[in-house]
Every structure is written in structure tokens, then in C-alpha cells.
Amino acid sequence: MEIDFKHKQAAHCENGVVANLMTYNGFTVSEPMVFGIGSGLLFTYIPFLKVNHAPVVSYRAMPGIIFTRFATRVGIKIKREKFRNAQTAKARLDENLQRNNPVGLQVGVYNLPYFPDEYRFHFNAHNMVVYGKRDGIYLISDPVMETVTSLTEKELEKVRFAKGAFAPKGHIYYPTAFPKELHLEKAIVKGIKHTCRDMLAPVPVVGVKGIRKIAKLIRKWPKAKGTKIANHYLGQIVRMQEEIGTGGGGFRYIYAAFLQEAGKLLTNNQLLELSKEMTLIGDQWRDFAVEASRIYKNRSNSVAVDQYDHVATLLEDIANKEEVFFKKLKKAI
Amino acid sequence: MKKNEVPQDKSNLESANFKELCYAVDENGEYTTELSTGWSPKTIALNNAIEALNERISASKQRVKDHKVSPLEYYMELHKMDLPILASYVGIWKWRVKRHFRPAVFKNLNNKTLQKYADVFDITIEELQRTDL
Numbered sequence: 001m002e003i004d005f006k007h008k009q010a011a012h013c014e015n016g017v018v019a020n021l022m023t024y025n026g027f028t029v030s031e032p033m034v035f036g037i038g039s040g041l042l043f044t045y046i047p048f049l050k051v052n053h054a055p056v057v058s059y060r061a062m063p064g065i066i067f068t069r070f071a072t073r074v075g076i077k078i079k080r081e082k083f084r085n086a087q088t089a090k091a092r093l094d095e096n097l098q099r100n101n102p103v104g105l106q107v108g109v110y111n112l113p114y115f116p117d118e119y120r121f122h123f124n125a126h127n128m129v130v131y132g133k134r135d136g137i138y139l140i141s142d143p144v145m146e147t148v149t150s151l152t153e154k155e156l157e158k159v160r161f162a163k164g165a166f167a168p169k170g171h172i173y174y175p176t177a178f179p180k181e182l183h184l185e186k187a188i189v190k191g192i193k194h195t196c197r198d199m200l201a202p203v204p205v206v207g208v209k210g211i212r213k214i215a216k217l218i219r220k221w222p223k224a225k226g227t228k229i230a231n232h233y234l235g236q237i238v239r240m241q242e243e244i245g246t247g248g249g250g251f252r253y254i255y256a257a258f259l260q261e262a263g264k265l266l267t268n269n270q271l272l273e274l275s276k277e278m279t280l281i282g283d284q285w286r287d288f289a290v291e292a293s294r295i296y297k298n299r300s301n302s303v304a305v306d307q308y309d310h311v312a313t314l315l316e317d318i319a320n321k322e323e324v325f326f327k328k329l330k331k332a333i
Numbered sequence: 001m002k003k004n005e006v007p008q009d010k011s012n013l014e015s016a017n018f019k020e021l022c023y024a025v026d027e028n029g030e031y032t033t034e035l036s037t038g039w040s041p042k043t044i045a046l047n048n049a050i051e052a053l054n055e056r057i058s059a060s061k062q063r064v065k066d067h068k069v070s071p072l073e074y075y076m077e078l079h080k081m082d083l084p085i086l087a088s089y090v091g092i093w094k095w096r097v098k099r100h101f102r103p104a105v106f107k108n109l110n111n112k113t114l115q116k117y118a119d120v121f122d123i124t125i126e127e128l129q130r131t132d133l
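Top to bottom, those sequences are chains A and B.
Mapping of the first sequence onto the UniProt record's numbering: position 122 corresponds to residue 122, and the numbering continues sequentially without gaps.
Mapping of the second sequence onto the UniProt record's numbering: position 118 corresponds to residue 118, and the numbering continues sequentially without gaps.
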């Protein structure tokens, strides 16, 4: 069976899945709208945890939470299921397809055959939609891909039961109940307030303070760890910021797009101005990536320490700008 | 970022005929999307990460040849895993997996345990036990 599902490429997998599932159910919502209402924007440094042998920073809210927040704020009900057993997981998926219900899946990236080899890491918070099954082959709409793809039963089982941090455990989810009409206005206000609260949180590793913390660490790394490790760490930060799914500038451009759309919907000119400002902040993040790449481009061990100080200063400047920005945004709404 | 500034650099995406979506502003200041083939600063970061991985793999290979560690460690690195990931894939506690990295302990593992590891790495037990990688 094959469900008539419209695939639309998105920057980020989770927003893309939600936007595509909503469109399927007759509600047109853009990807930035989902991201903004779900308060996806964030900055966190996660101490004590290492991925790929480097510290972890995140530019977005925890996997899954964007959809949950979006759903409660616009009044949709979602059903989520996780499984212990691969057979039940498969049976439940087939049941849904039989009922013409496309479902969202959480999967691991490492065993996805259509991904370029270089991008296959043990990352378990990728999302996709299964919209049909033909001769034992599942039809897949992966939002980060330009077109739809497919996976065999075995391949799908492997990615659904990937192990490690955030193990998907066959996680499936789909919306079950919708309001008569979608009222986005209140949801937008809630989403923006939440993001402002997160970014200005009085927690040393979150939001603006988190950016400052990372800047401080970048100054320390070359002396404490040697330039080779410092470069590896710096590269990891840039990868998290610019990797597929961010839409560029560590999600700042998607957020600016959201503010523009929200400003028009609420006829709030301040938001339109702030959207422009966010774009400039996004450009600054890009500049930071360019400067950082100058450092880690040559993998030699002789990098002047003042270069690290230079990129750290760029980050501190961004932190100051974002602090002012989110204070203004809080008042504008 | 302006729409015409969306980078179109050469990257590893090309081989898979893959383009990513970026958000950018058009001439009228309206947000829109544009496909990008890649951007050098992150391609360099990715290539460095892969190079670092390959260094880990070859270092581990040497340790196996020198009989300092069991081949398990090599296959773990080869599959881009670390200890917690491998432990959760085989369903064995981390400290036991770590112990299995010792050649003397690895030699005495029973077939049931070896099979678990072999399944994760998608190879046979014989291949798993070879130290002449």
C-alpha cells in the first residue's frame, strides 16, 4: 500500500517530519513555524559527556521535545510508542500503514544506506516518515533528502533499533486528534517566551551563559589539552553548528525566518525588525565558523594561542548580542 | 545570509548526490530556502574528524598486531563506536567489554559471547579472532 504523502525537503529532520505530517493532515505549517512554536532554539554545553571523543554543545532543544511542545501549544494530540521487541514494532508500523496513517519514526543514522559514508555516525535522534510499503520495501520520506527513498525490512529494523545514547527503541509517533482550526497566535507567543527564558536562563551552561562558558573553555584548551585536541574540539563545535539540519548559523536563520513569519501573522513590526537582527547574529555565527576553520585547517601543532583568543572573543561578542536580543524579544511580544 | 551568498563549495555530499537546505534572505528581505552543495569550513571540520578516526583505527590495528589488545577494540574503532555504544549493542556491561579487550581474557571467551560480538560487527567468529589484520 502507498499513502498519498507529499514530501517536502526541510533543513532539520524533526521540524520537517512535523511540518510534513501536518500538511498531510490538511494543515499547512512551515518548518520555521514548527521550530519557533516548539521553542527549538537553544544553546547548551553538556559537561561530562563526550561524543566522538570531544565535548558536546547543542544548538537546539532535546530530540522529540520540539514536536511535544508544538503539539500542546496548538492543541494537537500525539501518540508515541516505543518497543522492546522488533517484531511488535514492525507489526505496529504495518498496522498503521494498513490504516493509511503515515507515521514518524525516530532512527539511528549509522546504518542508513542512503546517507553519504562520511555522515554515518552513531547519532540516534534522526527522524523520518514511513508512508507506505511495496513488496516488502518501506517507502521513506526523509526530510533532509531532496526526494523520497526506500528501505528494506531488515534495513529499517536496524536503524529503528540502533543502540547507544538516545536509543530510538523503535519509537513511532503520529498525530491523532486535531483542533477544528489552527490558532497559531497564542502558540507563537508561548513559544517565543519559552525561548527567551531558555536563552537568558541563570544556568552556567545554558543559553547566553553557555556561549560565554564555551568561549572561556576555548581560551583554556590549547594550554590545557595541547593544540591538536583543542583543534579537534573546535572542529566539533563548528560541526554541531553547521551540520546538515541546522539550516545554517546554528539554527539562527531558521529562527529569523520564524520571527518574520510570526511578525506578519501577528502584525507586529517589532518582530520583523528583530528578525533582521537575528539574521545578522546568524551571520556572526558563520564568521565564527570561518575563523575557527582557519585554526583547524592545518592540523599542525604550532598554532598561536592568540588565535584561539580571537575566536573566543567572537563568541563572547555573539553572547552579548544575543543577550540584548532576547531581552528585546521578550518585551516585543 | 543572502540567498546568493549560500555557499556552493565542493564537499563530501557530492558523491551521494545530496544537497542540503539552507535558510536565506532574498532581494526583498523575505526569508526563503536555497539548496547548498556544501561549505568549506564544515567540510574541513568533517574531514579532520574522519582523519582523527582513521588515526585511531590504525593505532588500534597496531596494538592488536603487537598483542596488546584483542581485535575487539579494533572492530569497535572501525565501526566508529566507543565503549558505551559497543556495550549497549552487545548488551554486556561496559566493564566486562573493557575486560574483553585484554588478549588473555579474549582468548578464553566462549562461543556464545563471541557470537554476540561477531553479530554486531557483521563478521564470523573466525574473522573476529584473527590478529593479523
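Each residue gets a CB set at the ideal place from its N, CA and C atoms; glycine is no exception.
Express the C-alpha separation of residue j and residue i in angstroms, rounding to a whole number.
i, j, result
"residue 399/A", "residue 183/A", "Any property of residue 399/A remains undetermined from this structure, which presents chain A solely from 1 to 333."
"residue 245/A", "residue 11/A", "5 angstroms"
"residue 55/B", "residue 85/B", "19 angstroms"
"residue 52/B", "residue 222/A", "17 angstroms"
"residue 141/A", "residue 38/A", "22 angstroms"
"residue 93/A", "residue 172/A", "8 angstroms"
"residue 272/A", "residue 213/A", "30 angstroms"
"residue 76/A", "residue 119/B", "42 angstroms"
"residue 178/A", "residue 275/A", "30 angstroms"
"residue 24/B", "residue 253/A", "7 angstroms"
"residue 40/B", "residue 231/A", "16 angstroms"
"residue 49/A", "residue 56/A", "7 angstroms"
"residue 145/B", "residue 71/B", "Here chain B covers residues 1 to 133 and nothing more, so residue 145/B does not appear."
"residue 125/A", "residue 68/A", "15 angstroms"
"residue 3/A", "residue 38/B", "33 angstroms"
"residue 269/A", "residue 328/A", "13 angstroms"
"residue 304/A", "residue 220/A", "13 angstroms"
"residue 243/A", "residue 58/A", "11 angstroms"
"residue 175/A", "residue 64/A", "13 angstroms"
"residue 112/A", "residue 120/A", "7 angstroms"
On the three-state DSSP scale, how would you describe residue i?
i, result
"residue 263/A", "helix"
"residue 10/A", "coil"
"residue 127/B", "helix"
"residue 2/A", "strand"
"residue 2/B", "strand"
"residue 95/B", "helix"
"residue 323/A", "helix"
"residue 81/B", "coil"
For residue i versus residue j, is the C-beta spacing smaller than 7 angstroms?
i, j, result
"residue 73/B", "residue 101/B", "yes"
"residue 208/A", "residue 319/A", "yes"
"residue 261/A", "residue 62/A", "no"
"residue 235/A", "residue 45/A", "no"
"residue 13/B", "residue 9/A", "no"
"residue 156/A", "residue 1/A", "no"
"residue 35/A", "residue 15/A", "yes"
"residue 83/A", "residue 91/A", "no"
"residue 104/B", "residue 97/B", "no"
"residue 11/B", "residue 43/B", "yes"
Could you please give me the residues that DSSP links to residue i through a beta bridge?
i, result
"residue 291/A", "According to DSSP, which records beta bridges pairwise, residue 291/A is partnered with nothing at all."
"residue 8/B", "38/B"
With a threshold of 7 angstroms between beta-carbons, can residue i be considered close to chain D, or not?
i, result
"residue 117/B", "You won't find chain D in this structure, because its protein chains are A and B."
**OP:** Mind listing, in chain order, the continuous alpha helix (DSSP H) runs of no fewer than 4 residues lying wholly within the region 141-227 of chain A?
**Re:** For the region 141-227 of chain A, the full-length alpha helix (DSSP H) segments reaching 4 residues or more read 153-160, 184-199, 207-225 along the chain.
**OP:** Could you tell me which uninterrupted beta strand (DSSP E) segments, each at least 3 residues in length, are contained entirely in the region 73-146 of chain A, listed from first to last along the chain?
**Re:** As far as the region 73-146 of chain A is concerned, its whole beta strand (DSSP E) runs of at least 3 residues are 77-81, 103-107, 126-134, 137-141.
**OP:** Entirely within the region 18-68 of chain A and at least 4 residues each: give me those alpha helix (DSSP H) ranges in chain order.
**Re:** Whole alpha helix (DSSP H) segments, 4+ residues: 31-37.
Original post:
In the region 18-79 of chain B, which residue ranges form an unbroken beta strand (DSSP E) of at least 3 residues, counting only runs that do not cross its ends?
Top reply: The qualifying runs are 20-25, 31-36.
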